[in-house]
Amino acid sequence: MAGGCCAPSSAPTVSLPELRSLLASGRARLFDVRSREEAAAGTIPGTLNIPVSELEPAAFQALYSAEKPKLEDEHLAFFCQMGKRGLQAMQVAGSLGYTGARNYAGAYREWLEKEG
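The opening position of the sequence shown corresponds to residue 1 in the UniProt record's numbering, with each subsequent residue numbered one higher.
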């Protein structure tokens, strides 16, 4: 688990309007870091579910049938149900060298309320 590198108030975030725009343009990769059960109950379309506890797998492509993000990818957005695990995932990704990692602070709760 990553150390407390970033205070929540200074953590890079993405807003719902920005997330909509990035997803529509195909410029973002979105990761649902909730449990598999939570994601199975509903998630944001186009999302890859990777529980926060599994963010550092060596065999990424074999486990998730998706290409592992590149360190230089600009828009890697993480979300959970309320915001805490998304922030944790963003910090883990940052500690692994992913400079474009951001937390969708509104989380699935906001998405469901506004988009669902």
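C-beta: ideal position from N, C-alpha, C; glycine also.
Comparing alpha-carbon positions, which option in the options lies nearest residue i?
i: arginine 36; options: Gln81, Glu74, Leu96 and Glu18; result: Gln81
i: leucine 96; options: Glu72, Gly26, Glu18 and Ser10; result: Glu72
i: glycine 26; options: Pro51, Thr47, Tyr98 and Arg34; result: Thr47
i: lysine 70; options: Thr99, Gly83 and Phe78; result: Thr99
i: glutamate 38; options: His75, Ser21 and Arg85; result: Arg85
i: glycine 106; options: Gln91, Gly83 and Ser10; result: Gly83
How many angstroms separate the CA atom of residue i from the CA atom of residue j?
i: tyrosine 104; j: tyrosine 64; result: 21 angstroms
i: leucine 16; j: alanine 58; result: 31 angstroms
i: alanine 66; j: alanine 28; result: 14 angstroms
i: valine 33; j: asparagine 49; result: 6 angstroms
i: glutamate 54; j: leucine 22; result: 25 angstroms
i: tyrosine 108; j: isoleucine 44; result: 7 angstroms
i: tryptophan 111; j: phenylalanine 79; result: 10 angstroms
i: glutamine 91; j: glutamate 18; result: 20 angstroms
i: glutamate 115; j: alanine 41; result: 16 angstroms
i: valine 14; j: alanine 77; result: 7 angstroms
i: glycine 94; j: leucine 30; result: 15 angstroms
i: proline 12; j: histidine 75; result: 11 angstroms
i: glutamate 56; j: lysine 68; result: 11 angstroms
i: alanine 89; j: valine 52; result: 6 angstroms
i: serine 10; j: leucine 87; result: 11 angstroms
i: glutamate 113; j: arginine 102; result: 21 angstroms
At what residues does the beta strand (DSSP E) containing residue i begin and finish?
i: alanine 24; result: That residue, alanine 24, is in no beta strand (DSSP E); its alpha helix (DSSP H) goes 16-25.
What residues match up with residue i in a beta bridge as DSSP calls it?
i: alanine 77; result: Leu30 and Arg102
i: threonine 13; result: Asn103
Examine chain D for any beta-carbon lying closer than 8 angstroms to the beta-carbon of residue i, and answer yes or no.
i: glutamate 54; result: Chain labels in this structure do not include chain D; a single protein chain is all it has.
Can you name the start and end residues of the alpha helix (DSSP H) that residue i belongs to?
i: leucine 87; result: 84-95
i: alanine 41; result: Premise fails: alanine 41 is in no alpha helix (DSSP H) and is neither H nor E.
Which ranges would you report for the alpha helix (DSSP H) in the segment 47-71 if only whole runs of at least 4 residues count?
-> When DSSP assignments are scanned along the segment 47-71, the uninterrupted stretches of alpha helix (DSSP H) that are 4 or more residues long and fall wholly within it turn out to be 60-64.
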